[in-house]
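Asker: Under UniProt numbering, think of the first position of the sequence shown as 1, with each following residue one higher.
Built from N, CA and C at the ideal position, the CB exists for glycine as well.
Every value quoted in this text rests on a predicted model; they were computed, and no experiment measured them.
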Amino acid sequence: MDAPNRSTLWGRILIDELAKGGLEAACVAPGSRSTPLTVAAAAHPDIDVYSHLDERSASFFALGRARRTGEPTALICTSGTAAANFHPAVMEADQAQVPMLVLTADRPRELRDSGANQTVDQPSLYGDAVRWDAELPDPEPDERKVRSLRTTAARALAETGGVDPGPVHLNCPFRKPLEPVDVPGDVPESFADTLAGRGRSGAFVETAAGVRSLEDEQSQSLATALEAAERPVIVAGPADPVSLSTLDPAHVVSVAERVGAPILADPLSAVRFGDHVDDGSPEKYVCGGYDGYIDAIPAPDVVVRFGASPTSKPLRHFLRDSDARQFLVDPAGAWREATFTATDLLAASPGAVFSNLLEWVDPETNADSDWIEQFRDAEREHWRLLEEARADEALEAHPFEGSVLATVFQRAPDPATVFVSNSMPIRDADRFVRPRATELTVLANRGASGIDGITSTALGAGSVCDEPLVLVTGDLAFYHDSNGLLAVERCDVDATIVVLDNDGGGIFHKLPIEDFEPPFTEQFKTPHGLEFDSLAEFYGLEFERVGPVDFADAYADSLEREGTQVLSVAFDSETNHRTRDSLERRVRDAVEDARTDSA
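(1) So what does E542 bridge to, in DSSP terms?
(2) Once you ignore the five residues that flank L459 on each side, which residues in its own chain have a CB closer than 7 Å to its CB?
(3) Could you give the C-beta distance for S79 and R33, rounded to a whole number, given that I count them as a contact under 8 Å?
(4) Could you please give me the residues that DSSP links to E135 through a beta bridge?
(5) Spell out the partners DSSP gives L443 in its beta bridges.
(6) So within the region 317-348, which uninterrupted beta strand (DSSP E) runs reach at least 3 residues, ignoring any that extend past its ends?
(7) In this structure, how does DSSP classify F306 when only helix, strand and coil are distinguished?
(8) Between T341 and L319, is the Cβ-Cβ spacing less than 8 Å?
(9) Applying the 10 Å Cβ sphere with the 16-neighbour rule, what's the burial state of F538?
(10) Pull the bridge partners of I497 from the DSSP assignment, please.
(11) Around the Cβ of R150, are there at least 16 other Cβ atoms within 10 angstroms (buried) or fewer (exposed)?
(12) So within the region 184-239, which uninterrupted alpha helix (DSSP H) runs reach at least 4 residues, ignoring any that extend past its ends?
(13) In terms of DSSP beta bridges, what is V286 paired with?
(14) Excluding sequence positions up to five away, which residues of its chain have a Cβ less than 6 Å from the Cβ of A256?
(15) Using 8 Å as the cut-off, can you tell me whether the region 296-305 makes contact with the region 584-594, which would need three or more C-beta pairs spanning the two stretches below that distance?
(16) Nearest CA to the CA of A552: which residue from G540, L567, G563?
(17) What is the DSSP secondary structure of R436, counted as helix, strand or coil?
(18) May I have the straight-line CA-CA distance separating T564 from V442, to the nearest angstrom?
(19) Would the beta-carbon of L357 fall within 8 Å of that of A223?
(20) Hey, quick one: how far does the beta strand (DSSP E) through D106 stretch, first residue to last?
(21) If E439 sits next to G274, beta carbons under 8 Å apart, how far is it from one beta carbon to the other, in whole angstroms?
(22) Who are the Cβ neighbours of G96 in its own chain at under 6 Å, not counting the five residues just before and after it?
(23) Are there 16 or more other CB atoms within 10 angstroms of the CB of Q410, so buried, or fewer, so exposed?
(24) Measuring CA to CA, which of S243, P88, A134, A93 is closest to A105?
(25) Could you tell me the alpha carbon to alpha carbon distance between T152 and H382, rounded to whole angstroms?
(26) Taking the alpha carbon of V253 as the point to measure from, which residue in R212, S355, T207 has its own alpha carbon closest?
(27) What does the alpha-carbon distance come out to for the pair H169 and I15?
(28) Quick check: is the beta carbon of P512 nearer than 8 Å to any beta carbon in chain C?
(29) Which value, in whole angstroms, describes the spacing of the CA atoms of Y50 and D503?
(30) Figure out for me which residue from H528, A461, L178, Y479 has the closest Cα to the Cα of residue 600.
(31) If you measure between the beta carbons of D291 and D430, is that distance less than 8 Å?
(32) Sort out for me which residues DSSP pairs C27 with in a bridge.
(33) Do you know how far the Cα of G506 is from the Cα of T521?
(34) Roughly how many whole angstroms lie between the Cα atoms of V464 and L268?
(35) Could you check where the alpha helix (DSSP H) with Q95 kicks off and where it finishes?
Right, dumping it as structure tokens:
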């Protein structure tokens, strides 16, 4: 590879090697020191470049893209605080096992700790939040150094994936000139003909990643435990991108059918929605209403759980308070179980575990047990009461946000990508969204569970597919990532954005601090009084204030239209929580009454 100077050579080789290894996209924030990387990425025919003016928004956009595809997206920025603005998204990628490749440009090494402008300590900037980090050698047309550069690029891509995917950081020092201007003698013409200069036809180093599975003896032991159980439960927690692409939900349902186990499927698990769900009787095995009634169900005796920690707090407490044997399945062998009640850690891919179980579990073990009927009855009662409440005339005067979530998912197209914000939206999705035989990809930032970067992450996810994108977000999260809205036009992403506007931090009504006034209103709920129509206009988006009763029609209309629409639905957060709590009591009482009657 030829180049007019060594910094340009370094940028071209690094980007080209990453492309040969499979990198398809980069999110670039403008800056001077990163010029060699930006120019190389923009010129490469196999890399799509998404330009962002805000580094934090860029990093969450890349996170969303990687979350949707399961493949890393590169991040490129200049030196100094620009790199620090990537940190929140790096933390989320770490906790949620999302692949990401961070390329931070840097000043020459000798300028560190000298007071030089825009120079900070960037090596290992992200601490233990990355799977691997390295600092590239100074650009030089030296064969050994360039072979090292190519190998490092290949290793960096490999480290973003595997059984424990996550972010990788390469710090890239550059000296001027940074632009592709000719510097006579800087790069010898003969260098392009060397192995280091020309590279190989494919990646310089090919990495074959394996999948962890159980030995036959371990699979048989798990199958025996399930077959002997009287009250087995399968818990499908939020899925990482790799599990989304490798887990066959039909295998999970087949195992559940054989042993008579309800599947408590988190909305982010890739199990609550899909062809494996029976639309005629969705509560047959896949359960979605457990958050509202699990307190009224007897404790299980065997639990198989995969994915991250469940969204539902009642479900987590249900597992915590049980003496059951609990098998935690995690491909990385990570202990993602904060209640510390699991008894067995299975370091294997969930897809491989359930595929193997089909070979070991007797097809007619326990499928028609009273245990599974308890869950079916509870599911039917939960959804009946929810529909009754939504149809109640009194609810028009006291609407609740869960009804909007239910409508979003009930009427989402097939297929569609639905991104749900943290705080109350994801909790309401967990409780009020019924399983459905529809191809829905449901995503959220549940690794570190922040409300920053929500809009950008959703738009990043929507940038890789032609299906409709729906974002459901709270007002604070919408405000917090308003810079990310620029990507709608710059990155050509259309979406239906549903803003649940309760004028502040509504979730704090769920905490004991609600009873302390002051400081509750001013320091926790923090009403902002913002109107978002001007914000939407600023970014050229269509905006509509929608009453809860009219939401379904406005939502359906948005899904049929081109462009991005912002539908703002106003709620009183205190009333919303009181309605939610009232529904919870009604469901729990109905389930307990049904158990008493059957006894």
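Answerer: Put simply:
(1) Residue pairing by DSSP places E542 opposite Q565 in a beta bridge.
(2) Closer than 7 Å at the Cβ level, and outside the excluded window around L459, lie F61, G64, G484, A487, V488, C491, V493, A495.
(3) Contact flag correct, Cβ pair sits at about 5 Å.
(4) Note: E135 sits in a beta bridge opposite N171.
(5) In DSSP, L443 forms a bridge with F419.
(6) The qualifying runs are 325-329, 344-346.
(7) It is a strand residue.
(8) In contact: T341 and L319 (Cβ atoms closer than 8 Å).
(9) The residue is exposed, with fewer than 16 neighbouring Cβ atoms inside 10 Å.
(10) Beta bridge pairing from DSSP links I497 with L471, V566.
(11) Per the 10 Å Cβ criterion, buried.
(12) For the region 184-239, whole alpha helix (DSSP H) runs of length 4 or above, ordered along the chain, are 195-198, 216-228.
(13) The bridge partners DSSP lists for V286 are I263.
(14) Taken in chain order, the residues that qualify are I234, I263, Y285.
(15) With a cut-off of 8 Å, the region 584-594 and the region 296-305 count as touching, because enough Cβ pairs lie within range.
(16) Checked all of G540, L567, G563; the closest Cα to A552 is L567.
(17) In the structure shown, R436 sits in a strand (DSSP, three-state: E or B).
(18) About 19 Å.
(19) It is a contact, given that the beta carbons lie within the stated cut-off.
(20) Residues 100-106.
(21) The beta-carbon distance between E439 and G274, rounded to whole angstroms, is 6 Å. This is short enough to meet the 8 Å contact definition.
(22) Reading the sequence as shown, one finds Ala at residue 96 and not Gly. Cβ neighbours of A96 beyond the five flanking positions: G447.
(23) It is exposed - the Cβ of Q410 has fewer than 16 other Cβ atoms within 10 Å.
(24) Closest in C-alpha terms to A105, from the list S243, P88, A134, A93, comes A134.
(25) Going from the Cα of T152 to the Cα of H382 covers about 54 Å.
(26) Restricting attention to R212, S355, T207, the CA atom closest to the CA of V253 is found in S355.
(27) Spanning the alpha carbons of H169 and I15 requires a straight line of approximately 14 Å.
(28) Within the model displayed, chain C is absent; a lone protein chain is all it includes.
(29) Approximately 33 Å between the Cα atoms of the pair.
(30) For the chain, the structure presents residues 1 to 599; residue 600 sits outside this window and is missing.
(31) In this structure, D430 lies closer than 8 Å to D291 by Cβ.
(32) In the DSSP assignment, the residues bridged to C27 are Y50, L75.
(33) C-alpha separation (whole angstroms): 10 Å.
(34) Rounded to whole angstroms, V464 to L268 spans 19 Å at the Cα level.
(35) Boundaries of the alpha helix (DSSP H) around Q95: 87-96.
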